[in-house]
Structure formats: C-alpha cells, structure tokens
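S.K.: Right, I'll just put the structure down here and ask away after.
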Amino acid sequence: MRVRVPPSAPFVELTTIAGMYAGAQPAFPNRVVSALRKRESIAQLAEHALRLAQVGEFEGAAAFFEQAIALDAGNLDLRYNLAVVEENLGHIGKAASLLIQVLQRKPVSPFAAASQLSRLFTRYRVDDGAVLTAAGLSTALQTRDVALQPLTEAGLRWLSTQNADWRDGIRRIASGEMSELEAGRAILGKLRHLGRAEHEMLCLCLREGIVKSIDNERLLTGVRAAILLDAGRTLFDDRDHFNLALALMVQGWNNDFAWAETSQETDALSAVKIERAALLAADMPTTHAFLCAALYRPLEEIVSPPLGVDDMRVLKPKSFRETLSAQILERADRDAAAKSIPAVGALSDATSLKVARQYEASPYPRWKTVQRSAPGALQRYLGRLMPADRFAFVDKECDVLIAGCGTGQQALMSATAHGPKARLLAIDISRASLAYASVMAAREKVTNVSFVQADILDVARLERRFDLIYCVGVLHHMADWRAGWRALLSCLKPSGLMNIGLYSATARQGLRDLRDDKDYPGAGCTDSAARIYRRSLLLRDDETPASYVKQSRDFFALNTFRDLVLHESEATVTIEEIAQFLDDEGLVFRGFVLDANVLQEFATLFPAAAPAGTLAYWAAFERLKPHTFDGMYYFWVERQDKPAAG
C-alpha cells in the first residue's frame, strides 16, 4: 500500500505584457490602441492577482482574476490560476469547474490543469456532476505524467449520476428488479444513446484505471456477461460495442480479473474453442471468440503457445491488434527485465520465501501512471515537519533506499521528487515485481533509480549507507518487524531520515476478524477461490467486517485484494509499540502523513501539541477516531544517534 500527500499546485507563470506596449505609437488606429490597452489591463490585473495569491490573500486574488477573465474569456492560464485560488478558498466545486473549462478547450499543454484536477479528486470528492463534463475529463485522461486513477473514479461517478440509463441500471440491480446480466443487456441496447464524449470517456476510464465502485462494477460485470452471451457473434458489426469490449478487456488486465463470473458464463467460456492458426489467419469468428475469452482470462491462458510479439502483425482489426500488442510487448519487456536484475544474496528466511512466492504470482500493485512531483514539493512538505537543516540534502547529491519497492510506483515518485542528483536504490524480494518496476522506470524515462533483488534482512550486504530510507507497507509483512527495521537502521547515516509505514492494530481489527470468517479461503488459495470469496463479501449488506473491507481502495483488484485480506504474513502494531521502538533506537518522531482535514481536527482537539504532534497525543486521537489510520501509520522519523559512552 502506498500513501502520498500531493503537493500544492504552482501558479502558471503569466507573461507580463504591459511593458510590451508602453511605447505604442499614437499613429496606430484607435482600435489597435484600444486592444493594446485592454491587454495591458489584463496583464496588470493578473499581476495584482498573483501577488495577492502568493501572500495568501486569496479572496482579493480571485476578484482580480475574475476581472481579467471578464476581459479575456479565452485565456486558459487565467482560468487555471483562478482554480488554484478557489481551491485555497475551499471552493472545490468551482475549482473543478474551472479546470474542466480549461481542459474542455483542449489546450496545447493540458498537463497543469489535468494534474491539478487529479490532485483535487485525490483530496476531495466532487459530487456535483454539473461542474464536470465528459469532454473535459477525456482530455485529462489522455494526459501523460498525470495520476489517472482519481480521474477514472470521477468519470465513472459522473456517468452514474448524470446518465439516466446508467443510473437506472445501477438502481435496478441494487433493488433486485434486474439481474446484472439483464441490466448489462439494457446498457448495451442503449449504448448508441450515449453521446460521443460520454462513450469516449467511459472507454478511457476502463482503459486507464480500475473501477473502484461496487455499483459500477456490478453493472459492468453485467455488460461483460451480455457481450459474452449475446453480442460476441456480432461484436465487430457495432463499433461502439467493439470499442467497449476492448476497453473491458484492458480493465480485466488492470484489475487482475477480479470480477466474478456466473456458472452460465463459465460454461459459455468452456464451450469457446479457439484455434491458434485460425486466429493468426485473421478468421473473424475466431477473433470474436478470442476477444470474448480475453474479457475473463489472461492472454497466456487462451491459446497455446501464448501469442508473442511476432504474432501481432497479422491480427485484425487494427484496434484489436494495437490493444493486444501493448500488453504483449509489456509482458515481453518484463520477462527480459527479470533476467537482468541483479541479486544480493539468496532468500533464506522462511517468511520472506513465503511472501516472495505471493508477489511472484501476483505482483502488487499493478499501476499505469505516476504523477511527478512539482519542483520543491518535497522540501515544502518536510518544512512543515522539521527544521530546514534536517532535510537540506533531499534535492542534492544524496543516497536514498526504497526498501520493499514492490512494482516501483513509490520508487519512481521518489526519484522525481528528489531530482536527478539523487541516487536511488530500490530493493524487493520479488523478481517479478522488480521487473515490473524496471520496465515502468524505462517507460517513464526515470534514470536515477536502480533495482536489486534483496531481502531487508540482508541489507548490510549492499555495503552502502543512505541519507534517507523509505520503507512503507513492508515491515509488517516480515516475521519480526522490529528486526527488519533494525536491519535498515544499520545502513542509515547519522542524522538520516526514514519514511515508515506500518499497519495499525486498531484500524485493522475488522480485517483480522475476517480470518475467522466461515468462508475464508486461506492465504494460499487459488485465484478462482479468491474471486469467489471477494464476490461473497461484495454482496453482503451487514455490518460485519465485510462492510469495512468493501470500503478499502484495495478491494477492487485481485492482487490488491490478496494483499488486503489474503496475505501470507501480516502483523499489526500500536502507536505505543512504535514509540517504544523509537525511544530504544534513538529515533525522533517527525510527524504522520495525513490529509489536511485530519491534521486540522487534531490541532483543534489538542491545541497544546506541536504542529507534528507527539505519539502520546496521536494515541489519544486514535482512541477517539479509530479509523484515522485505516491505510497504515505513515510517518517520518529522524535518527539522532546517542553520543558514545565516556
């Protein structure tokens, strides 16, 4: 599990145009002089607004930006800057609306608006569908270097509230009026009524993220079943149906085929016969059958031997070939990367071996995009937790360890946050996970991080010392989390920093109770058993631990569901245990990573506490708010080595 507080968005650097026209010749026609004066006024208004915003006078800044926009309604930089100001004023819906207005106009460079919109959806839930548009969301979903999962969720939430057919399908499934299959058939029958922009946005949401809504999952499960049972034979005759089927195939890859299937679907899949030679000969009925099977099964399980890179050139139609090619090329790249990753020592710890097997079979998490930090964002964040001299090194030449990097998302975010001068080493016990990380680093052109297979218990064999160590969501999967942490301390430089994540015993009580559930299939269960168990939890409407699990963001993909509920090894800790460990090892608590609203609530309840708080105060806060650390305890510590005796 990875947690990150997104940095505040920078203001766009507006061009100062007032001086450009100071020497305008009076011989210009009156209309030209008037236009120049208008542009000069806009520039002056924008400059006033920026000055006020930079000193925190957001109401005044908003007023000046609005005046400038009234004079130049097409200036997208003005709208973007006003959106940043409105967010700071707490006007979240208005901020989202302004960003959507920018994106709907398809700017040449949509990154600033798309990344700010993604950050907005990460921090807040914008329920007013009127402020969003499918066209604006589609532009955002096609922007590189932006975290697309928050945009995916916003798009599907918008569709489920603003589209009458979609909303009706969800309602009828929930009420029992329709089965999922019946509702899916109804959606397919009305797909042509979905506007172009809405259809494009739906397909982008399915391709670029994971469906993390039970209502939308159930409806789309029905759509998938309808394609298999009804539409498969004529799939290529309807462009909308075909594009939706391709998007659902990609969604299966994204969620690790987490969605359940009925016995009717299983029987239909068993009856599908696919001849590899016919597929490569572009036989359309065989291609139909392959696509239907690929909605439910990994590509390597559909034909034998599995399709390879060389097979792609003969597949038809083009969009089918291109979608498959992307997945098969990525798999080939990961296979090649796995062979080239160096290893330090051989895994020998029994728990490490067991956990490694889990992640070899199911790398976690599978991700598609990484949002790059704005320059200086890490320093600004750490500046709220500790004196500046404690972290002065973070954007300079420094050595950083990512201990237990998994599939590399945190490693790449950290690499971009620290900047090109930092030297990052990312280690993990799973070669499959490291291969995923290596391929993604190459794709994202991140060159200041290297990957090595190693156990945290063997970290001394690296023969390196680090200024900063990240270890988030890892120690609690070891046989002894204290031993793992101490191993990391052995290679932390004096006065070094650590960013640690550990499961809360209080927050995860409900998850521990699930292990006593009568249907619990056990940590080593098959994917089919995990899928069936997940479905049983999804359909429960009681207040047992099942309801708690369904609220977790890790519920919606099979690899994250395993990590959440079916892990091979898991421990939980208390704040008191953390405090004792810090005291024993000469570490100083520097603050939890939490949303701003939680920090504000803490400050209100404990005004005497320092800004970062103390662990004693936070223990009291958790007793009052037991779900505060549902993700994990995610915090910063600083090493302060005890002076040598004598």
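Under my numbering, think of the first position of the sequence shown as 46, with each following residue one higher.
Yeah, the Cβ is synthetic: ideal placement off N, Cα and C, and Gly gets one too.
Just so you know, these numbers come straight off a predicted model, no measurement behind them.
(1) Residues bridged to F496 by DSSP?
(2) Could you tell me whether the region 595-610 touches the region 293-304, where touching means 3 or more Cβ pairs closer than 8 Å?
(3) Among all the DSSP beta bridges, which residues are the ones paired with Y515?
(4) Can you tell me whether DSSP reads G636 as helix, strand or coil?
(5) Would L314 and A448 qualify as a contact pair, given that the criterion is a beta-carbon distance under 8 Å?
(6) Take L423 and list the residues in its own chain whose beta-carbon comes closer than 6 Å to its own, dropping the five residues that flank it on each side.
(7) Check whether the region 474-482 and the region 508-517 touch, using three or more Cβ-Cβ pairs below 8 Å as the test.
(8) Could you name each continuous alpha helix (DSSP H) segment of 4 residues or more that falls completely within the region 218-285, going from the start of the chain to the end?
(9) Measuring alpha carbon to alpha carbon, tell me which of E646, D675 and M677 ends up nearest Y662.
(10) Take the Cβ of Q146 as the centre, count every other Cβ of all protein chains shown within 10 Å, and call the residue buried at 16 or more, exposed below.
(11) DSSP three-state label for E44, please.
(12) Given a cut-off of 8 Å, decide if L430 and R635 are closer than it, judged by their beta-carbon atoms.
(13) Name the residue from G453, L144 and L469 whose alpha carbon lies nearest to the alpha carbon of C443.
(14) Considering only DSSP beta bridges, list what F680 is partnered with.
(15) Could you check whether R684 and L632 sit closer than 8 Å to each other, using their CB atoms as the reference points?
(16) How big is the Cα-Cα spacing for G676 and D312?
(17) Quick one: is P760 buried, meaning 16 or more other Cβ sit within 10 Å of its Cβ, or exposed?
(18) Could you compute how far the alpha carbon of T396 sits from the alpha carbon of R164?
(19) Could you tell me if A153 is buried or exposed, where buried requires 16 or more neighbouring beta carbons within 10 angstroms of its beta carbon?
(20) Tell me A388's beta-bridge partners as DSSP assigns them.
(21) Just tell me which of L584, S614, S220 and V100 has its CA closest to the CA of H521.
(22) Does the region 399-413 come close enough to the region 449-456 that 3 or more CB-CB pairs lie under 8 Å?
(23) From K199 to F166, what does the alpha carbon distance come to, in whole angstroms?
(24) Name, in chain order, the residues that DSSP records as bridge partners for L165.
(25) Rounded C-beta distance between F511 and V445? I'm assuming under 8 Å.
(26) State buried or exposed for N642, treating a residue as buried only when at least 16 other CB atoms are found within 10 Å of its CB.
(27) Shortest alpha-carbon distance to D503 belongs to which of L162, T206 and S393?
(28) Tell me V359's beta-bridge partners as DSSP assigns them.
(29) Give the straight-line distance between the Cα atoms of A326 and D282, rounded to the nearest whole angstrom.
(30) L537 bridges to which residues according to DSSP?
(31) Along the chain, where does the alpha helix (DSSP H) that runs through P195 open and close?
(32) So, helix, strand or coil for V400, using DSSP?
(33) Taking the straight line between their C-alpha atoms, what separation do you get for A179 and A371?
(34) Quick check: what's the CA-CA separation for L457 versus R411?
(35) CB-CB under 8 Å to L627, same chain, minus the five flanking residues each way: which ones, in chain order?
(36) Identify whether V618 lies in helix, strand or coil by the three-state DSSP scheme.
M.R.: So, to answer that:
(1) A471
(2) Counting Cβ pairs under 8 Å, three or more are found: they touch.
(3) I447 and N544
(4) G636: strand per DSSP, three-state reduction.
(5) Cβ atoms of L314 and A448: not closer than 8 Å.
(6) V439 and A462
(7) Verdict: no, contact absent.
(8) Entirely contained in the region 218-285, the alpha helix (DSSP H) runs reaching 4 residues are, in chain order, 225-234, 241-253 and 259-271.
(9) Nearest of E646, D675 and M677 to Y662, Cα basis: E646.
(10) buried
(11) Only positions 46 to 691 of the chain appear in the structure, and residue 44 is not among them; the question remains open.
(12) yes
(13) L469
(14) I545 and F637
(15) yes
(16) Approximately 39 Å, taken between the alpha carbons.
(17) Here the chain has residues from 46 to 691 only, and residue 760 is not among them.
(18) 37 Å
(19) Ala is not the amino acid found at residue 153; the sequence shown has Val there. Classification for V153: exposed.
(20) Q498
(21) S614
(22) yes
(23) Here residue 199 is Ala; the residue named in the question, Lys, does not match the sequence. Whole-angstrom Cα-Cα distance: 7 Å.
(24) Beta-bridge pairing links L165 to no other residue.
(25) 6 Å
(26) exposed
(27) S393
(28) Answer by DSSP bridge pairing: none, since V359 is not bridged.
(29) 19 Å
(30) F511
(31) Q194 to Q207
(32) helix
(33) 25 Å
(34) Rounded to the nearest whole angstrom, the CA to CA distance from L457 to R411 is 14 Å.
(35) V633, F634, L660 and V682
(36) strand
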